[in-house]
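**Q** There's a structure below that I have some questions on.
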Amino acid sequence: MLRPYSSFVTSSMHRVIQFSFLALGLVLAACSASDSAKRAKTVDEIYSEGKAAYDEGNWLEAQTKFDVIKLQYPASQYADDAQFYLAEINFERGEYIMAAFNYNQLRRSYPSSEFVRDAMYKSALCYDKIALPADRDQENTRKAILAYTDFQSMFMRDSLAL
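To get this note's numbering, take the position in the sequence shown, counting from 1, and add 33.
This is the structure in structure tokens:
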């Protein structure tokens with residue numbers, strides 16, 4: 034014999050409710066933190082790991098750590114350091130266009146950084162290194178001259194400016 038419609042709806046609703054609670058329980062269990070879960074690293078720890086990797090010449094690991102600082106902690110005390118070391122990594126790899134970009138980014142984003150002097154000079158050096166011979170496009174030569182001129186005007190008495 035067929036069950037009445039209201040009985041069918043009630044039975045189906047109970048199954049849906051039971052399934053919903055089961056699914057919710059599974060989701061909550063999966064999302065809950067366990068004792069074995071790692072705690073988030075502090076910006077100090079990330080910087081220390083990045084600087085150690087940089088000092089060892091492990092560019093990929095250092096770049097990863099400094100990228101994390103740059104993106105997740107842009108207002109931290111290490112943000113300008115991270116930006117500078119990213120540029121240095123590019124410079125060491127011979128990626129002079131990216132290095133110049135990162136040096137210039139440091140200058141724009143952190144104008145009072147202790148690294149501005151070195152960043153300005155290295156930016157000019159990057160453009161100088163990628164400048165083409167005289168019979169080719171001189172855009173990078175112009176950028177190098179402008180960057181050296183900016184450096185000289187800002188740091189007149191610096192030994193690098195003479």
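Yeah, the Cβ is synthetic: ideal placement off N, Cα and C, and Gly gets one too.
Specify the secondary structure class of THR75 as computed by DSSP and reduced to three states.
**A** coil
**Q** Tell me whether the beta-carbon of GLY83 lies closer than 8 Å to the beta-carbon of TYR136.
**A** No, these two residues do not count as a Cβ contact at 8 Å.
**Q** Does DSSP put GLN110 in a helix, in a strand, or in coil?
**A** In this structure, DSSP gives GLN110 a state outside helix and strand, which the three-state scheme calls coil.
**Q** With a 10 Å radius around its C-beta and 16 neighbouring C-beta atoms as the bar for buried, classify LEU158 as buried or exposed.
**A** buried
**Q** What span of residues does the alpha helix (DSSP H) with PHE99 cover, start to end?
**A** Bounds of the alpha helix (DSSP H) holding PHE99 are 92 to 105.
**Q** For SER145, name the three-state secondary structure that DSSP assigns.
**A** coil
**Q** With the cut-off set at 8 Å, would you say LYS98 and ALA108 are in Cβ contact?
**A** no
**Q** From the DSSP output, in three-state form, read off SER69 for me.
**A** Below a pLDDT of 50, predicted positions are generally treated as unreliable, and SER69, at 45, falls in that range; no measurement from the model is reported.
**Q** Identify whether ILE50 lies in helix, strand or coil by the three-state DSSP scheme.
**A** helix
**Q** Does the beta-carbon of LYS84, which I'm using as the reference point, lie nearer than 7 Å to any heavy atom of the ligand HEM?
**A** The ligand HEM is absent from the structure shown, which contains no ligand whatsoever.
**Q** Tell me the rounded alpha-carbon separation between MET189 and ALA164.
**A** 24 Å
**Q** Taking ALA112 and TYR143 to be in contact with their CB atoms under 8 Å, please state how far apart those CB atoms are, rounded to whole angstroms.
**A** 7 Å
**Q** Grouping DSSP H, G and I as helix and E and B as strand, with all else coil, what is ASP191?
**A** Three-state result, ASP191: coil.
**Q** Classify MET187: buried if its beta carbon has 16 or more other beta carbons within 10 angstroms, exposed otherwise.
**A** exposed
**Q** With distances taken from CA atoms, which of TYR106, LEU104, LEU93 and SER145 is nearest GLU121?
**A** LEU93
**Q** Look up GLY127 in the DSSP assignment and say whether it is helix, strand or coil.
**A** coil
**Q** How many Å lie between TYR154 and MET131 at the Cα?
**A** Roughly 15 Å separates the two Cα atoms.
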